[in-house]
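In my numbering, the protein residues as written are 460 to 909.
The following block contains the structure:
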């Protein structure tokens, strides 16, 4: 699989790497903001959480554009103005009653949210969630509470039930940009200022949350740039302020569906989502335009085992490893029907970087158009194992190992029905798949690279 390029091709690739990596390192502390930016409103908690009362079907209604509402939340006409108040009420009730709360696994509390932009208004920390915590504010998922976005502002239409949802047409946005001042630079495609006051995390799921659901939202504007020396305790789990700008999952397993996670950043891991000892289930989720040190789109660590189905991870960036996904420390993500495309890593693994006993399992996955210094598509190292079935690794680029780069003899791969083609490496003697004598079992593997 030796690669031979003309001088012109080599210079073009080299120039492209220089520009991309220079831009990446120049703006390493910033995330990417979705465009066009929505019109944002001033937000305030309605201060009436004690007045909240679900309807007979255990549903709370939230609509920040509601007029003449009494805030009880038992109908669209009496909608709660802020999602933060509905979740605060639920967290207070659960914290007081626990298993004695008026909802459970068989009869969950539902929160229906109409289109609009919603900000986290309350501190995420245990014992502090009734106060404004500034950058520590977050939307915290509550056990057995199912939160659905995508309802139309027109409550007459919304009264038709869950089937009235259209999360694409009725954008329901959870934003950590408190001042509405994120500065977008067309030239680099990222926010280059104005996010210093943004929430560290937009959404937090921590501890046992049962069948908690977040479904039908855009999650944007998180900026986890804390110092990492102190942690935030949420549901008795410790959250690091340098991880998970969009969504951070710690010791938990929420259900996440029909989401767009973009425009988030972190100085640590998981620009879009960080999973630590967590097994979230993701369905029909797009993670794009996020930035991190490791894992621009997603980071997985310490036995994290997220399940991804019908997920797109695209156009994310990592200053170091894992432009799309970074997995380490025995993390075992399972990917089915996933697209990993056009991600960028300044170090290893443009599409995915795998380290330290991690063991991802990929089935029916497309990895294309990703760029890195090593392993444009995939990077596999440090006793990590990788299982690929019906995976296409195409049109990725790197200085070394355009398709796959395996650097550690202790790493292992099991490949079946894998196509590796159209990938490019900068070095004359750089194979598209660089193998450091790992334990490899392969069947039906087709390689054809430039």
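Glycine included, every Cβ here is placed at the ideal spot set by N, Cα and C.
Around the Cβ of residue 516, a 10 Å sphere holds fewer than 16 other Cβ atoms; the residue is exposed. The C-beta separation of residue 882 from residue 855 comes to about 5 angstroms, placing the pair in contact by the 8 angstroms criterion. Cβ-Cβ separation between residue 843 and residue 782: approximately 17 angstroms, too far for a contact (criterion under 8 angstroms). Apart from sequence neighbours up to five positions away, the residues of its chain that approach residue 766 with a beta-carbon distance below 6 angstroms are 740, 793, ordered along the chain. As for any beta strand (DSSP E) of minimum length 3 sitting wholly inside the stretch 562-613, the runs are 568-573, 575-577, 604-610, ordered along the chain. For a cut-off of 8 angstroms, the C-beta gap from residue 780 to residue 807 is around 5 angstroms, short enough to register as a contact.
Inside the stretch 730-817, DSSP marks whole beta strand (DSSP E) runs of 3 or more residues at positions 732-735, 740-747, 757-760, 766-773, 784-786, 793-800, 811-813, from first to last along the chain. In the displayed model, residue 652 falls within a strand according to three-state DSSP. If you ignore the 5 residues before and after residue 798, its C-beta comes within less than 6 angstroms of the C-beta of 771, 825, all in its own chain and listed in chain order. Counting only residues of its own chain and dropping the five nearest sequence neighbours on each side, residue 550 has a CB closer than 7 angstroms to the CB of 588, 599, 601.
The beta carbons of residue 699 and residue 665 sit no closer together than 7 angstroms. Distance from the CA atom of residue 704 to the CA atom of residue 580, rounded to whole angstroms, is 16 angstroms. The residue from 823, 576, 743, 814 with its alpha-carbon nearest to that of residue 522 is 576. The beta carbons of residue 656 and residue 637 sit closer together than 7 angstroms.
Straight-line spacing of the CA atoms in residue 848 and residue 823 works out to 7 angstroms. Judged by DSSP in its simplified three-state form, residue 823 adopts strand.
Here residue 660 is buried. Its C-beta has 16 or more other C-beta atoms within 10 Å.
The alpha carbon of residue 775 has as its nearest neighbour, out of 533, 734, 723, the alpha carbon of 723. In this model, residue 812 and residue 778 are separated by some 13 angstroms (Cα to Cα). Every unbroken stretch of the alpha helix (DSSP H) spanning 4 or more residues and falling wholly within the stretch 523-560 is given here in chain order: 542-556. In this structure, the beta-carbon distance from residue 630 to residue 677 falls below 7 angstroms. A straight-line Cα-Cα distance of about 14 angstroms links residue 608 and residue 538. The three-state secondary structure of residue 885, taken from DSSP, is coil.
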